[in-house]
Structure formats: C-alpha cells, structure tokens
Amino acid sequence: MKFIIVAGTPGAGKTAVLIHTIKVLLHQNIKPAVVKIDCLYSDDPKRFASLGVPVQLGLSMDMCPDHFSIYNTDAILEFARVQNSEFLIMETAGLCHRCAPYTTNSLGVCVIDATSGPNNPMKVGPFLSCADIVVITKGDMISQAEREIFRQCILETNPNCSIIEANGLSGQGASELAMQIKSTEKNVSEKESLRHNAPFAVCTLCAGEKRIGASYHRGLLRKMNGMQEYVGE
Numbered sequence: 003m004k005f006i007i008v009a010g011t012p013g014a015g016k017t018a019v020l021i022h023t024i025k026v027l028l029h030q031n032i033k034p035a036v037v038k039i040d041c042l043y044s045d046d047p048k049r050f051a052s053l054g055v056p057v058q059l060g061l062s063m064d065m066c067p068d069h070f071s072i073y074n075t076d077a078i079l080e081f082a083r084v085q086n087s088e089f090l091i092m093e094t095a096g097l098c099h100r101c102a103p104y105t106t107n108s109l110g111v112c113v114i115d116a117t118s119g120p121n122n123p124m125k126v127g128p129f130l131s132c133a134d135i136v137v138i139t140k141g142d143m144i145s146q147a148e149r150e151i152f153r154q155c156i157l158e159t160n161p162n163c164s165i166i167e168a169n170g171l172s173g174q175g176a177s178e179l180a181m182q183i184k185s186t187e188k189n190v191s192e193k194e195s196l197r198h199n200a201p202f203a204v205c206t207l208c209a210g211e212k213r214i215g216a217s218y219h220r221g222l223l224r225k226m227n228g229m230q231e232y233v234g235e
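Written out as structure tokens, the structure is:
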C-alpha cells in the first residue's frame, strides 16, 4: 500500500490542494482512502466524502496532532486496508512547525504558503527538510522575484525535494502532484519508523501544570541559553 503523508503550516491550503488532486486520481481510476487529523474540529471530511472516497477523522484534542497521528499510525493503516485501498492519504494539522510525521516508506508532502515570508522555509524545520515533495501555494499573490527567492530558500533547506507550485482555487499543480503520488515506488511496511525524531514533550506543562515559575516544573527543560536539563526523579 502507498502511504502519502501531507503536512504543512495552518492555512497553507493543504485540503484545497488535496481535493483537486484526489479528483485527478479518481479520474485515473485510483480511489484512495483519506484520513484527516485535526485538533478540535474539522468539517473537511465532509468535503472529502463528497468525492466518494472513504474518509476517517481523528481529533487530537489537547495532544499535538502530529504526535497523535504517529501514535495512531497502525489504526490509520488498518482503516485503509479494510477499505481495500492501494493508496492512503493522511492530512495532518501543523502546529509547532517542528514535527515531521513522515515515515521511512511514506511519500512525504509538505504544503507551504508562499506569502509566509522568504525566511519561512528555514523556520519550519524537519517537516519541510525531510519531505519528498514541497507544494508551494499562493504564489500568485507575490511577485516573480519573491517566488524565485522563496523557491531557492526551500532548495537550500531541502536540496533533494521536488517542488510543485499549486493553487487551491484553480487546481493548478494537482495533476503533477497526482502523477507523483501515482508513480511513487514506496510501499508501507510492517516496520515503519520516523525519518526524524519528534520534539520532546516531557514536562509538567504537558501534564497540565498551569503555574508559572521554575520551582513548579519538572521534566526535560531547555533554558534561554540553549542548555537543557532533566529535573525530577
């Protein structure tokens, strides 16, 4: 089974690009299963379901959505197998810009907004630098020079990626993305692992502590000077 993981910054147009891409795949007699991971609420599954594809929604609530998707990868893959789908597309919400939910044998797709600024590719971390494909959206809202600078910044961060310029309104770039999804030779295995480690989340804030002050906090803590230490048992 082909496993396509789509990550990206909030509001970059991940769902809009995927809607057009799935339409192209359906036209080519490929019917993928779709899993949408979000935080508190999403009506995107209705949009996917309107295309006639099987869809499942996962809400991470107070957990990082990428951590949530990683913990539930087995269940997500089983959902696609029950649907007899050869292609599984998972869209996961982006929060901290540091998580990289791609597994070793998935096709990693990063969707990034061109209007977010020329330095943004260097800020978003492994979910861009580890991606196989980087989809640039909203390029029509900036100048040609700005597009070239943005593209070069992406290549400096991830020199091995394939770049697709897409438009979530018109569907530009959807055919190219569908072609790369269809032609991927990667098949998910029983022994998947992450391409990059997830950020640590071992602290009292993660456990629900609200009080401010160093005396209240335990776990793996990083200081302003870059040093980190583990406080507690």
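Under our numbering, the first residue of the sequence shown carries the number 3, and numbering increases by one thereafter.
For every residue, glycine included, the Cβ atom is placed at its ideal position computed from N, Cα and C.
Hey, which unbroken runs of the beta strand (DSSP E) at 3 residues or more fall wholly within the region 91-163?
As far as the region 91-163 is concerned, its whole beta strand (DSSP E) runs of at least 3 residues are 109-115 and 135-139.
Can you check the region 26-56 for any beta strand (DSSP E) of at least 3 residues that lies completely inside it and give the ranges in chain order?
The region 26-56 contains these whole beta strand (DSSP E) runs: 35-40.
Which partner residues does E231 have in the DSSP bridge list?
DSSP lists L223 as partners of E231.
Measuring straight from C-alpha to C-alpha, what distance separates A77 and K4?
Each residue's alpha carbon lies about 15 Å from the other.
Excluding sequence positions up to five away, which residues of its chain have a Cβ less than 8 Å from the Cβ of C208?
Taken in chain order, the residues that qualify are G221.
Hey, quick one: how far does the alpha helix (DSSP H) through M81 stretch, first residue to last?
At residue 81 the sequence reads Phe, which differs from the Met that was named. Run containing F81: T75 to V84, per the alpha helix (DSSP H) assignment.
Within 8 Å, do at least three Cβ pairs link the region 181-196 to the region 35-44?
The region 35-44, when compared against the region 181-196, does not touch it at the 8 Å Cβ threshold.
Could you give the first and the last residue of the continuous alpha helix (DSSP H) run that contains A176?
Counting along the chain, the alpha helix (DSSP H) containing A176 begins and ends at A176 to S185.
Tell me whether F5 sits in a helix, a strand or coil according to DSSP, three-state version.
Three-state DSSP puts F5 in a strand.
Quick check on this structure: which residue in I138, P123 and Y43 has the alpha carbon closest to the alpha carbon of A14?
Comparing Cα-Cα distances from A14 to each of I138, P123 and Y43, the minimum goes to I138.
To the nearest angstrom, how far is the alpha carbon of E88 from that of K225?
So the two alpha carbons sit approximately 46 Å from each other.
What is the DSSP secondary structure of I214, counted as helix, strand or coil?
The answer is coil: DSSP assigns I214 none of H, G, I, E or B.
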